[in-house]
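K.L.:
Residue 11 is where the sequence shown starts when you use my numbering, and the numbers rise one by one after that.
Glycine included, every Cβ here is placed at the ideal spot set by N, Cα and C.
The structure displayed is predicted, hence computed values, not measured ones.
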Amino acid sequence: MKKRMFAVIAGLLVLTMALSACSSSDSSTGEATEKTNIKFATGGTSGTYYAFGGVIAQTITNLTGITFDVQSTGASKANIGLIADGEVDMAIVQNDVMDYAYNGTDLFEGEKTDNFNAMVAMYSEVCQVVANPSAGIETIADLKGKRVSVGDAGSGVEFNAKQILEAYGVTFDDINKQNLSFGDSANAMKDNKIDAFFCTAGTPTTAVMELSSTNDVKILNVDGAEAAALIEKYPFYTAYTISKDAYKGMAEDVTTVAVKATIIVKPDLPEDVVYNMTKAIFEGKEDITAGHSKGAEIDPQYAVEGVSVPFHPGAEKYFKEIGVLK
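#1: Report yes if the C-beta distance between Val98 and Lys49 is below 8 Å; otherwise report no.
#2: Which partner residues does Phe321 have in the DSSP bridge list?
#3: Which of the three DSSP states, helix, strand or coil, is assigned to Ser159?
#4: If Gly155 sits next to Ala171, beta carbons under 8 Å apart, how far is it from one beta carbon to the other, in whole angstroms?
#5: So, using beta-carbon positions, are Ser159 and Gly212 closer together than 8 Å?
#6: What are the boundary residues of the beta strand (DSSP E) that Lys187 is part of?
#7: For Thr251, which option in Val136, Tyr110, Asp152 has the closest C-alpha, if you only look at C-alpha atoms?
#8: Does the beta-carbon distance from Val267 to Ala238 come in below 8 Å?
#9: What distance in whole Å lies between the Cβ atoms of Phe126 and Ala94, which are believed to be in contact at a cut-off of 8 Å?
#10: Just mark Ala85 as buried or exposed, buried being the case when its beta carbon has 16 or more other beta carbons within 10 Å.
#11: Alpha carbons only, please: which of Phe192, Val269, Ala51 is nearest the one belonging to Ile241?
#12: Would DSSP call Asn47 helix, strand or coil?
#13: Return the CA-CA distance between Asn202 and Glu262, expressed in angstroms with no decimal places.
#14: Which residue from Leu190, Val232, Met219, Asn197 puts its Cα closest to that of Glu176?
#15: In whole angstroms, what is the alpha-carbon distance linking Gly294 and Ala67?
#16: Classify Val264 as helix, strand or coil using the three-state DSSP reduction.
#17: What residues match up with Met100 in a beta bridge as DSSP calls it?
#18: Determine which residues share a DSSP beta bridge with Glu135 and list them.
#19: Which of the three DSSP states, helix, strand or coil, is assigned to Tyr250?
#20: Who are the Cβ neighbours of Pro143 in its own chain at under 8 Å, not counting the five residues just before and after it?
#21: What residues are listed by DSSP as bridge partners for Ile229?
#22: Expressed to the nearest angstrom, what Euclidean distance is found between the alpha-carbon atoms of Glu296 and Thr115?
#23: Got a sec, what are the start and stop residues for the alpha helix (DSSP H) Ala237 sits in?
#24: For Tyr312, which of Val140, Ile76, Phe292, Gly301 has the nearest alpha-carbon?
#25: State the DSSP-derived secondary structure class of Ala171, mapped to helix, strand or coil.
#26: Looking only at C-alpha atoms, which of His322, Ser318, Ala271 sits nearest to Asp309?
#27: Of the choices Tyr110, Val130, Pro323, whose alpha-carbon is the least far from that of Glu121?
#28: Which of the three DSSP states is assigned to Val80 in this structure?
#29: Distance check for Ala141 and Val264, CA to CA, integer angstroms please.
#30: Who pairs with Phe292 in a beta bridge, going by DSSP?
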């Protein structure tokens, strides 16, 4: 599996990807889409979006003949700008950042950007609240008065932290707020400079794994009435369970919430093209999973939950066809 994944990533390092086109007569979609080329914005070359996006692109090409120019970018916020400006046709973003853009809130306060549609939600990016067990923190409410890193200033993580704390009656004014990256947060906890930190990423997350290999950690629950109120107010969140096997020292599963890595597209992409790409993702799940472990999370019902932005008509057609949308 690793060899296949490395091969995909290596292939993406060329400036423009001309993925081999398949004849439409052999395609599972049965549409003549071999002449379509999609500019696909992903993320940094060392991140999941770029690697996973490459596997998605290759699989769609194999099944439909659609070709891709897979681009390395600054991820969610930058990708929405690229879509809105017409510089790319398709992008991967977090569904909460997508919601902010579409409604002109939080990260996009005063910068409403709604010139895009959702295509498919792919996998979970989990909201993890990591605490030092010796700091006397049992619940989110106990973060009052503590030294807490909430991610980089202006990041999606910072807004996740603000919203989760709010659900427990805690504000940034109630904590000793610090803005550190995941890696810097883990190092700060090792050095006893912070008591807890927020991290939104796929699990297991490298920074948390490395921390748990040398230090005791506690992952806090985001559950019960507080989680229900959070999800009701911010519909881009979904419930998520972190397995006790995710990190060293976890005694039991942890219930929390997650946002989703989601593919968005330009509204003016032809309906049949988006339909065929959406269909190919689900028909090609086995190949996607062989190329990247996140492919295992691909699921039709999951793909439409927590998506607060209208689906592209092509994606909507496919999801109605298989019965996950009415």
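P.N.:
Looking at the atomic coordinates:
#1: Taking the first residue of the sequence shown as 1, we reach residue 98 at position 88. Taking the first residue of the sequence shown as 1, we reach residue 49 at position 39. Inclusion of Val98 and Lys49 in the CB contact set at 8 Å is warranted, their separation being smaller than that value.
#2: If you number the sequence shown from 1, residue 321 lands on position 311. In the DSSP output, where bridge partners are listed per residue, Phe321 has Ala128.
#3: Your numbering for residue 159 matches position 149 in the sequence shown. Strand at Ser159.
#4: Here the question's residue 155 lines up with position 145 in the sequence shown. Here the question's residue 171 lines up with position 161 in the sequence shown. Actually they do not touch by this definition, with Cβ atoms about 16 Å apart.
#5: Translated into positions along the sequence shown, residue 159 becomes position 149. Translated into positions along the sequence shown, residue 212 becomes position 202. Against a cut-off of 8 Å, the Cβ pair of Gly212 and Ser159 comes out as no contact.
#6: The sequence position of residue 187 within the sequence shown is 177, counting from 1. From DSSP, the beta strand (DSSP E) with Lys187 extends over 186-188.
#7: Counting from one through the sequence shown, the residue named residue 251 turns up at place 241. Ranking Val136, Tyr110, Asp152 by Cα distance to Thr251 puts Val136 first.
#8: Counted from its first residue, the sequence shown places residue 267 at position 257. Counted from its first residue, the sequence shown places residue 238 at position 228. Result no, Cβ atoms of Val267 and Ala238 do not sit closer than 8 Å.
#9: By one-based count along the sequence shown, residue 94 stands at place 84. By one-based count along the sequence shown, residue 126 stands at place 116. About 7 Å separates the two Cβ atoms, so the contact holds.
#10: Here residue 85 is taken as the residue at index 75 of the sequence shown, counted from 1. Ala85 should be labelled buried.
#11: As a first step, residue 241 is located in the sequence shown; it is residue number 231 there, counting from the start. In terms of CA proximity to Ile241, Val269 leads the group Phe192, Val269, Ala51.
#12: Start at 1 with the first residue of the sequence shown, and residue 47 comes out as number 37. If DSSP states are grouped into helix, strand and coil, Asn47 belongs with the strands.
#13: Along the sequence shown, one-based indexing puts residue 202 at 192. Along the sequence shown, one-based indexing puts residue 262 at 252. The alpha-carbon atoms of Asn202 and Glu262 are separated by roughly 25 Å.
#14: Start at 1 with the first residue of the sequence shown, and residue 176 comes out as number 166. Ranking Leu190, Val232, Met219, Asn197 by Cα distance to Glu176 puts Val232 first.
#15: Within the sequence shown, residue 294 is the residue found at index 284, counting from 1. Within the sequence shown, residue 67 is the residue found at index 57, counting from 1. Distance between the alpha carbons of Gly294 and Ala67: 11 Å.
#16: Working through the sequence shown from its first residue, we reach residue 264 at position 254. Three-state result, Val264: strand.
#17: Locating residue 100 in the sequence shown gives position 90, where the first residue counts as 1. Its beta-bridge partners are Phe50, Val275.
#18: Working through the sequence shown from its first residue, we reach residue 135 at position 125. DSSP, once it has assigned bridges, lists Val269 as partnering Glu135.
#19: Looking up residue 250 in the sequence shown gives position 240. In this structure, Tyr250 counts as strand in the three-state DSSP scheme.
#20: Taking the first residue of the sequence shown as 1, we reach residue 143 at position 133. Cβ neighbours of Pro143 beyond the five flanking positions: Asp226, Val227, Lys228.
#21: Within the sequence shown, numbered from 1, the residue matching residue 229 stands at position 219. According to DSSP, which records beta bridges pairwise, Ile229 is partnered with Val140.
#22: As a position in the sequence shown, residue 296 is number 286, starting the count at 1. As a position in the sequence shown, residue 115 is number 105, starting the count at 1. So the two alpha carbons sit approximately 37 Å from each other.
#23: The residue labelled residue 237 in the question sits at position 227 within the sequence shown. For Ala237, the uninterrupted alpha helix (DSSP H) segment begins and ends at 234-243.
#24: Start at 1 with the first residue of the sequence shown, and residue 312 comes out as number 302. Nearest option by C-alpha distance: Phe292.
#25: Counting from 1 along the sequence shown, the entry for residue 171 is found at position 161. If DSSP states are grouped into helix, strand and coil, Ala171 belongs with the helices.
#26: By one-based count along the sequence shown, residue 309 stands at place 299. Checking every option, the nearest Cα to that of Asp309 belongs to Ala271.
#27: Here the question's residue 121 lines up with position 111 in the sequence shown. It is Tyr110 whose Cα lies nearest to the Cα of Glu121.
#28: Position 70 of the sequence shown holds residue 80. In the structure shown, Val80 sits in a strand (DSSP, three-state: E or B).
#29: In the sequence shown, counting from the first residue as 1, residue 264 sits at position 254. In the sequence shown, counting from the first residue as 1, residue 141 sits at position 131. Straight-line Cα distance between these residues: approximately 13 Å.
#30: Position 282 of the sequence shown, counting from 1, holds the residue named residue 292. Phe292 pairs with nothing; no bridge assigned.
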